[in-house]
Structure formats: C-alpha cells, structure tokens
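Asker: Per UniProt numbering, residue 1 is the first one in the sequence shown, and the count goes up by one each step.
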Amino acid sequence: MNSSVVASPHRVTHGARVRVLIADHNGVVRLGFRTLLEREPDIAVVAEVGDMPELLAQVSHGEPDVVVLDAQLPGLDGQAVPARVTETAGVVMVSVADDRAAIARAVGAGVLSYLVHGQFDLTELAGIVRLAAAGQPYLTASASAAVMEFVRRDAGLGPHRGLTAREREVMDLVAQGLSNQDVAEKLAVSIKTVKNHLHRVFRQLKVTDRRSARDVWLGRPVKSSGARSPDLDRSES
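#1: I'd like the list of long-range same chain contacts for residue 252, defined as Cβ closer than 8 Å, with 5 residues on each side in sequence excluded.
#2: How would you label T164, buried or exposed, when you count the other beta carbons within 10 angstroms and need 16 or more for buried?
#3: Under the three-state reduction of DSSP, which class applies to A143: helix, strand or coil?
#4: Return the Cβ separation of S113 and I128 in integer angstroms, given the expectation that the two are a contact with Cβ distance under 8 Å.
#5: Leaving out five residues on either side along the sequence, give the residues of the same chain with a beta carbon under 8 Å from the beta carbon of V194.
#6: Could you tell me the boundaries of the alpha helix (DSSP H) in which E185 lies?
#7: For L173 and R17, what's the separation of their Cα atoms in angstroms?
#8: Taking G62 as the reference, give the member of S190, G108, P41, V85 with the closest Cα.
#9: Does DSSP classify E169 as helix, strand or coil?
#10: To the nearest angstrom, report how far apart residue 244 and I43 are at their CA atoms.
#11: What's the gap between the Cα of L157 and the Cα of R39?
#12: S92: which of G162, K192, G50, T140 sits nearest, CA to CA?
#13: Could you give the first and the last residue of the continuous beta strand (DSSP E) run that contains L76?
#14: Are G90 and A57 touching if we call contact CB-CB under 8 Å?
#15: Note down the Cα distance separating A80 from K192, rounded to an integer number of angstroms.
#16: Ordered along the chain, which non-local residues of its own chain (more than five positions away) have a Cβ less than 6 Å from that of residue 267?
#17: Give me the residue from P74, V147, V111, V216 with the minimum Cα distance to E87.
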C-alpha cells in the first residue's frame with residue numbers, strides 16, 4: 001500500500017458514514033461490491049450505475065464521498081475520468097487489465113486508487129474505500145509499477161531516456177500488442193514512419209526484435225527471441 005497522502009476533493013467528517021457510488025457495467029459485480037460494502041457499519045452504498053451518463057448524473061446531485069469505478073464502464077471508452085467525478089469524490093478504479101498507459105492516464109486525471117483484479121483481495125475493498133474517503137491512495141502492484149514508470153519517464157530515467165515523445169508513444173502502443181498497421185492508424189502516420197521510429201527505439205534499447213523491446217519497455221526480464229512467431233512477423237510488416 002502506498003502510504004503517501006494526497007489532497008482529497010471530499011473529506012468525510014469524523015463519525016460520518018462513507019457514501020459510496022458503484023459504477024460498473026456488470027450487474028453481478030455491482031451486487032457483489034454492494035454486498036461486501038454494506039456489511040460495514042460505517043459505509044453506505046447510495047447508488048449504482050451502469051454507464052457514464054448515469055454516473056455523471058448521480059455525481060451531479062448525489063455527491064458521493066467515493067466512487068468505485070469500472071475501468072471498462074460504457075461511455076468511458078479508455079478516456080480519462082472526467083474532472084466532474086474526480087473533483088467531487090475519491091475515485092477507486094477497478095480493472096481487469098494492467099495496461100500501464102491506461103493506469104498512468106487514470107492516475108494523472110485524478111483517480112486516487114487503482115486496483116487490478118487478481119492483485120487484491122475483495123475483502124480489502126472496504127478498507128481501500130475508507131482510505132479514498134480520507135484522501136489516501138492505494139495502488140495494486142502493476143498500478144504502482146505503472147506510476148513509477150511514468151515518474152521515471154518524466155525524470156528522463158529508464159528505457160525512455162533519449163527517446164522523443166513520439167517514439168515513446170509508438171513504443172507504448174507496441175507494448176500493448178498493437179501491430180505496425182494499428183499504430184500507424186491510431187497515430188495517423190504511415191507504416192514506414194512507424195518502422196523508422198521503431199528502428200531507432202530498438203537501437204536505444206539495445207535490442208534487435210519486437211519481443212525483447214516490449215520486455216525492456218515493460219520492465220520485464222528479456223527472453224531469448226529464438227524463432228519468431230508468425231504473429232510477431234505480421235506485426236512488424
């Protein structure tokens with residue numbers, strides 16, 4: 001757990017119940033979270049929503065202390081959480097994926113806690129909600145690693161040193177598993193431009209293949225490349 005304290009937009013007064021809004025596209029998940037949280041005498045689930053418009057409407061007039069937010073909530077679509085939400089309540093985001101770029105984007109937008117399924121016990125949720133209500137962050141392992149990675153990047157440390165902003169952007173997308181074609185379409189550039197960026201990135205990272213570059217970029221041990229798979233060959237075409 002990260003013990004640092006950051007400013008909270010909405011502090012719960014001593015002795016008051018923590019008002020929680022659950023925003024998740026899956027009704028079964030909402031029920032599970034509600035059941036867990038309502039066992040706690042100091043926590044009250046005041047609303048449940050299944051998409052972003054509903055969330056914004058509830059936040060506008062409900063003023064929850066904490067929002068437990070599904071990273072895949074319809075209407076969010078991988079975008080940053082709106083300031084209307086993060087400025088009103090402490091946001092605890094829950095995701096099934098450990099996409100480092102998405103985690104850093106969420107934390108940068110004001111999300112207080114980021115939980116990746118499989119990296120925390122559901123029995124911890126109530127305690128994490130209490131921390132968020134008090135303005136204290138909680139990051140599971142891969143979320144903490146993502147934040148540290150982007151801190152190092154801003155400081156010019158780690159594998160990002162010496163790369164341009166566009167080269168880092170290209171490598172972020174490649175590390176997510178996108179092909180050169182996908183990267184080119186997402187950045188509105190040619191495949192040749194993507195290849196040129198990657199050739200320079202490979203030189204900077206001192207690697208010769210895509211798999212090794214991903215490993216270095218994600219802070220994982222570099223595996224022997226061996227025979228390249230057809231998928232990797234296609235992604236480099």
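Just so you know, even glycine gets a beta-carbon here, dropped at the ideal spot from N, CA and C.
Answerer: Put simply:
#1: No statement about residue 252 is possible, as the shown extent of the chain runs from 1 to 237 and does not include it.
#2: exposed
#3: helix
#4: 6 Å
#5: V170, N180, V183, A184, L187
#6: 180-187
#7: 42 Å
#8: V85
#9: helix
#10: Residue 244 falls outside the range modelled here, since the chain spans only 1 to 237, and no answer is possible.
#11: Confidence at L157 is low in this model, with a pLDDT of 47, below 50, so its placement is unreliable and no value can be given for it.
#12: Position check: residue 92 holds Val in this sequence, whereas Ser was assumed. Considering only alpha carbons, the answer is T140.
#13: Careful: L76 lies outside any beta strand (DSSP E) and carries neither H nor E.
#14: no
#15: 30 Å
#16: The structure shown does not extend to residue 267, since the chain is modelled only from 1 to 237, so the question has no answer here.
#17: V111
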